Amino acid sequence: MIEIPSDLNPALVPLAFLLGNWAGAGVSDFPGAEKCNFGQEVTFSHDGRDFLEYVSHSWVLDEKGDKVRPLESESGYWRIDENRKVEVVMVRDQGVVEIWYGELADQKPQIDLATDAVARTAASGPYSGGKRLYGYVKSDLMWVGEKATPEVELRPYMSAHLKKVVTPEEVAEMAKSLGDMPDDGIAFFK
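Numbering (my numbering), first residue to last: 746 to 935.
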């Protein structure tokens, strides 16, 4: 279920499905880089202004699913206009700044993005652009990223399946909304 916070800027209602803390795992595979499974935590938040704040941290997982080391971190800001056009400004820990443009699909929570501009520091690896697809599927957030370098044509390189994370504060809020629960707990379900 998609909840729309009462203090969300009205312009952001179409992006409400992104809001919250998400965690899950995915696969990374690109020529010249280590192929690996990774874990990821993503947060989309808002403060009442006309953008969502985005933060993502990922890490390499070993064959048992344990954290090995950091993989990528990125942060940015997401906006949408009245024509469902989405724009994202993103900064990555590898020394890359990107501007992405895309569109929210009609009648479904899916966003297609492509880079419009890429700036890199001298320390960053080769990178010339990318595409991403985000989708809200059966209450989960899924995404796939494509990447291009001067040596490698645009191709998929990362994808993940994320589930909503419930914070202790959200649990407390849910508990308040339950009202009085019967002593035996069973009558609640009748």
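Backbone N, C-alpha and C define an ideal beta-carbon position, used for all residues, glycine too. Everything numeric in this text was worked out from a predicted model, so none of it was measured.
If you scan the region 827-882 from start to end, which runs of the beta strand (DSSP E) of 3 or more residues do you find wholly inside it?
Here the runs fully enclosed are 830-837, 841-849, 855-865, 874-882.
DSSP beta-bridge partners for Val-800?
Note: Val-800 sits in a beta bridge opposite Thr-788, Ser-820.
Please state if the CB of Ile-747 and the CB of Phe-762 are separated by a distance shorter than 7 angstroms.
At a Cβ-Cβ threshold of 7 angstroms, Phe-762 and Ile-747 count as neighbours.
Using 10 angstroms around the beta-carbon of Arg-877, count the other beta-carbons present and answer buried if the total reaches 16, otherwise exposed.
Label assigned to Arg-877: buried.
So, Gly-793 versus Asp-752, is the Cβ gap smaller than 7 angstroms?
Gly-793 is a Cβ neighbour of Asp-752, given a cutoff of 7 angstroms.
Are the Cβ atoms of Val-800 and Arg-814 separated by less than 7 angstroms?
For Val-800 and Arg-814, no; Cβs fall outside 7 angstroms.
Based on DSSP bridge pairs, tell me the residues matched to Ile-709.
Not covered by the structure: residue 709. The range shown for the chain is 746 to 935.
Confirm, please, whether the CB-CB distance from Thr-860 to Gly-875 is below 7 angstroms.
One thing to note: Gly-875 has its Cβ within 7 angstroms of the Cβ of Thr-860.
Do you know whose CA, among Gly-769, Pro-755, Asp-774, Gln-855, lies nearest Glu-891's CA?
Closest option to Glu-891, Cα to Cα, is Asp-774.
Within its chain, find whatever has a CB closer than 6 angstroms to the CB of Cys-781; leave out the 5 residues flanking it on each side and keep chain order.
Sequence-distant partners of Cys-781 (beyond 5 residues in either direction) whose C-beta falls short of 6 angstroms from its own C-beta, in its chain, are Ser-773, Val-805.
Tell me which same chain residues have a C-beta within less than 6 angstroms of the C-beta of Ala-862, skipping the five on either side of it?
Excluding the 5 residues flanking it on each side, Ala-862 has same chain C-beta neighbours closer than 6 angstroms at Ile-844, in chain order.
Looking at the secondary structure, which residues open and close the beta strand (DSSP E) in which Ala-778 lies?
Here Ala-778 belongs to no beta strand (DSSP E), and DSSP marks it neither H nor E.
So is Gln-852 buried or exposed if we call it buried at 16+ other beta carbons inside 10 Å?
Counting Cβ neighbours within 10 Å, Gln-852 comes out exposed, since fewer than 16 surround it.
Determine the direct distance from the alpha carbon of Gly-765 to that of Leu-907, and round the result to whole angstroms.
Near 11 angstroms, if we compare the C-alpha coordinates of Gly-765 and Leu-907.
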